[in-house]
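Below: one structure, written as structure tokens.
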């Protein structure tokens, strides 16, 4: 997904996205998951060019939501995860 994709601008402007690690980073010190280092934002579009599936590869937005209130989980990751999730929900409801 390109920065210009409407899903990243429906409520929050998310031009500066970064990799959101899961809670495993506390055990391993790594911010990436098991199958690669680089995070990727991808999408699957239908024949009319509408985004049907948003893919956040090699990051864990769910863990960021789950651990957002944990004192050791960095706020910058939880904040981005919530903004991405809210944009996804609003985009799905309006497109």
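In the working numbering, the protein residues as written are 63 to 157. Where a beta carbon is used, it is the ideal one built from N, C-alpha and C, also for glycine. Computed from a predicted model, the values in this text were never measured in an experiment.
query                                                                                                                                             : result
Using the beta-carbon count (16 or more within 10 Å), is residue 125 buried or exposed?                                                           : buried
Extract the residue ranges of the alpha helix (DSSP H) inside the stretch 69 to 120, only unbroken runs of 4 or more that lie entirely within it. : 87 to 90
With a threshold of 16 other CB atoms inside 10 Å of the CB of residue 142, please say whether the residue is buried or exposed.                  : buried
To the nearest angstrom, how far is the alpha carbon of residue 68 from that of residue 87?                                                       : 31 Å
Could you work out which residue in 109, 105, 149 is closest to residue 116 when comparing CA atoms only?                                         : 105
Between residue 114 and residue 107, what straight-line distance do the alpha-carbon atoms span, to the nearest angstrom?                         : 5 Å
Which complete beta strand (DSSP E) runs does the stretch 116 to 153 hold, if anything under 3 residues is left out?                              : none
By how many angstroms is the C-alpha of residue 147 removed from the C-alpha of residue 75?                                                       : 13 Å
On a Cα-Cα basis, can you pick out the residue from 135, 134, 103, 132 that is closest to residue 150?                                            : 103
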